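K.L.:
Numbering (my numbering), first residue to last: 112 to 640. The following block contains the structure, expressed as structure tokens.
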């Protein structure tokens, strides 16, 4: 009994030490790899700025969707609201939350690897998985919605692997279905298009219990428990928006507009509609080649080798099924952005497990020593290598350097610090954060929505200018857009406002390809009567 207690204490201590290691690693590598880190002046990505603006508005008492308009999930904004409580004038809080989420992802990857290889090899597999994730082209400048879904997906895949390793001996208890259902609900409240992985997870394992194990009752009960888990994550938001009188705004903005108001490919036949998502998916071979190859190699190795599961075909196809269905659902909307591919990083862990499994067998008696040496070396090597491979490290202005946003904000603060700012014609360019201001307009940015589906966004932005409600109008104009084009969009900018600042700047789109977006930043000031 004492031996068991001592062994249990030793295992807990080891688990704590491993997580602490991942925590240090996560803060270290993201100090390099996310533009949210205190190493950089600011995160130049529009999406990251929009999320933090929504979080700052939320923590200031505004009701998201009702008082301020953006269309991602409420849990994503809550995370950024928490980040804004850490720092309301920088991305420091976002960096901390990103690091905590990455450490959870790394630990879950370690738990998956621990099913097949020893502790040191498992640490190596997890570190390499995270290294590939944050240095891939689809990671961009960091702080995407998909990034915050990774630990939920990695943990869910862990339970999948544990079960299908030996379905005769292993069982998934009701608590697992409740927990994974809760994860699905959380992801639905971050970005609902990613939830396909969990529906595939649930469908596959429930069908196995029903058909292979001939237990319909158990399958049905577990399905209900899974849905209850989802409800536990979603219900608080339903209550919150009901109390705030914003339930319609939540449903219409987050679900209806996301499903109907974005540009889509028109005139596709049934066959084209089925295969077009595959074409979009395959374009990631160019955008994120390492992630694409290692991810798909991982699911192939899972299905084709004896490392991961029992011999049953159904077991070997389990993880590949979840991966392929989840990705297909993400890309089914036809439109896509680079960061849609981030969830694929979860499946790279199987490539690294297969690698460490092979190294363990090759080195045999010296495996422990070699694994320990590699384990010690892998973390600093990954961090140092990221400094040369990562988009943020190569192109983002460092802390203390001036940016176009900081220059524009400096003018505003020095002339009219309480002046109302409008980010016009584009997603959030970062002016609100730079000026330390929470937006005073519901439509604080222009979304990429079809005008005929949702004219309010553009119409309201134009009204704020036409009626002279905005004291300052900030515009991040893409290459090729001249001042005349801006005046054609809003003649009031020419008649009622004065151009007080303009500067060209570059945003890099890739760490290695010569793919850069040239923009011009304009700041207009309302003329005095």
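Backbone N, C-alpha and C fix where the C-beta goes; we use that ideal spot for every residue, glycine too. Quick caveat, the model's predicted, so the values are computed rather than measured.
Below 8 Å between beta carbons: does that hold for residue 588 and residue 630?
P.N.:
Contact flag set, yes.
K.L.:
Where do the N-terminal and C-terminal ends of the beta strand (DSSP E) with residue 617 fall, by residue?
P.N.:
Segment 608-619, the beta strand (DSSP E) holding residue 617.
K.L.:
Considering only their Cβ atoms, is the gap separating residue 278 from residue 426 smaller than 8 Å?
P.N.:
Taking 8 Å as the Cβ cut-off, residue 426 and residue 278 qualify as a contacting pair.
K.L.:
Can you grab the Cα-Cα spacing for the pair residue 597 / residue 399, in whole Å?
P.N.:
Spanning the two alpha carbons is a distance of roughly 35 Å.
K.L.:
Are three or more beta carbon pairs between the stretch 259-267 and the stretch 205-217 nearer than 8 Å?
P.N.:
Cβ pair count under 8 Å is three or more, so yes.
K.L.:
What would DSSP say about residue 329, mapped onto helix, strand or coil?
P.N.:
Here residue 329 sits in helix by DSSP.
K.L.:
Per DSSP, what are the beta-bridge partners of residue 584 in this structure?
P.N.:
Paired residue(s): 533 and 635.
K.L.:
Quick check on the DSSP output: the alpha helix (DSSP H) that includes residue 159 runs from which residue to which?
P.N.:
Looking at the DSSP string, the run of the alpha helix (DSSP H) that includes residue 159 is 157-170.
K.L.:
Is the beta carbon of residue 401 closer than 8 Å to that of residue 140?
P.N.:
Cβ distance not < 8 Å, so residue 140 and residue 401 don't count as in contact.
K.L.:
Going by the CB atoms, is the gap between residue 634 and residue 450 shorter than 8 Å?
P.N.:
Cβ atoms of residue 450 and residue 634: not closer than 8 Å.
K.L.:
How far does the alpha helix (DSSP H) with residue 407 in it extend, from its first residue to its last?
P.N.:
Its alpha helix (DSSP H) spans residues 400-415.
K.L.:
For residue 423 and residue 482, I'd like the C-alpha separation in whole angstroms.
P.N.:
Using only the alpha carbons, I get a separation of about 31 Å.
K.L.:
Quick one: grab the DSSP three-state call for residue 627.
P.N.:
In this structure, residue 627 counts as strand in the three-state DSSP scheme.
K.L.:
Is the Cβ-Cβ distance between residue 293 and residue 343 less than 8 Å?
P.N.:
Contact: yes.
K.L.:
Assign residue 390 to one of two classes, buried (16 or more other C-beta atoms within 10 Å of its C-beta) or exposed (fewer than that).
P.N.:
Its Cβ having fewer than 16 others within 10 Å, residue 390 is exposed.
K.L.:
For residue 195, which residues of its own chain have a beta-carbon under 7 Å away from its beta-carbon, when the five flanking residues on both sides are left out?
P.N.:
Only 163, 166, 167, 170 and 204 meet the Cβ criterion.
K.L.:
Would you check if the distance between the CB atom of residue 304 and the CB atom of residue 440 is smaller than 8 Å?
P.N.:
Closer than 8 Å, so yes.
K.L.:
What's the C-alpha gap between residue 489 and residue 135?
P.N.:
Using only the alpha carbons, I get a separation of about 13 Å.
K.L.:
Could you give the C-beta distance for residue 265 and residue 334, rounded to a whole number, given that I count them as a contact under 8 Å?
P.N.:
The pair is not a contact, with the Cβ atoms about 23 Å apart (cut-off 8 Å).
K.L.:
Please check the pair residue 486 and residue 197, which I expect to be a contact at CB under 8 Å, by giving their CB distance rounded to whole angstroms.
P.N.:
Actually they are not in contact, since the Cβ atoms of residue 486 and residue 197 sit about 32 Å apart, beyond 8 Å.
K.L.:
How should residue 526 be labelled, buried or exposed, when 16 other C-beta atoms within 10 angstroms of its C-beta is the threshold for buried?
P.N.:
Exposed, because fewer than 16 other Cβ atoms sit within 10 Å of the Cβ of residue 526.
K.L.:
Measure how close the beta-carbons of residue 510 and residue 151 come, nearest whole angstrom, since I'm counting them as under 8 Å.
P.N.:
Their Cβ separation, rounded to whole angstroms, is 6 Å, which keeps residue 510 and residue 151 in contact under 8 Å.
K.L.:
Would you decide whether residue 455 is buried or exposed? Buried here means 16 or more other CB atoms lie within 10 Å of its CB.
P.N.:
Looking at its Cβ environment, which holds 16 or more other Cβ atoms inside 10 Å, residue 455 is buried.
K.L.:
Could you name the residues of the same chain whose beta carbon sits closer than 7 Å to that of residue 290, not counting the 5 residues immediately before and after it, in chain order?
P.N.:
Hits under 7 Å: 340.
K.L.:
Would you kindly work out how many angstroms separate the C-alpha atoms of residue 337 and residue 432, rounded to a whole number?
P.N.:
Near 19 Å, if we compare the C-alpha coordinates of residue 432 and residue 337.
K.L.:
Determine the direct distance from the alpha carbon of residue 228 to that of residue 369, and round the result to whole angstroms.
P.N.:
So the alpha carbons of these two residues sit roughly 42 Å apart.
K.L.:
Per DSSP, which residues does residue 179 bridge with? Please list them.
P.N.:
BP columns for residue 179 point to 175.
K.L.:
Quick check on residue 448: does DSSP put it in helix, strand or coil?
P.N.:
It is coil, neither helix nor strand.
K.L.:
Whose C-alpha, out of 248, 315 and 249, is nearest the C-alpha of residue 111?
P.N.:
Outside the displayed span of the chain (112 to 640) sits residue 111, for which this structure offers no information.
K.L.:
Consult DSSP for residue 151 and reduce its assignment to one of helix, strand or coil.
P.N.:
Strand.
K.L.:
Tell me where the alpha helix (DSSP H) around residue 315 begins and ends.
P.N.:
Per DSSP, residue 315 belongs to the alpha helix (DSSP H) from 307-318.
K.L.:
For residue 104, collect the residues of the same chain with a Cβ closer than 8 Å to its Cβ; drop the 5 residues on either side in sequence, then sort them by chain order.
P.N.:
For the chain, the structure presents residues 112 to 640; residue 104 sits outside this window and is missing.
K.L.:
Output the boundary residues of the alpha helix (DSSP H) element that contains residue 431.
P.N.:
First-last of the alpha helix (DSSP H) with residue 431: 429-442.
K.L.:
Determine which residues share a DSSP beta bridge with residue 509 and list them.
P.N.:
In the DSSP output, where bridge partners are listed per residue, residue 509 has 151.
K.L.:
Alpha carbon to alpha carbon, what distance is there between residue 550 and residue 543?
P.N.:
Taking the straight line from one Cα to the other gives about 7 Å.
K.L.:
For residue 592, which residues in the same chain have their Cβ closer than 8 Å to its Cβ, ignoring the five residues on either side in sequence?
P.N.:
Excluding positions up to five away in sequence, the list reads 631.
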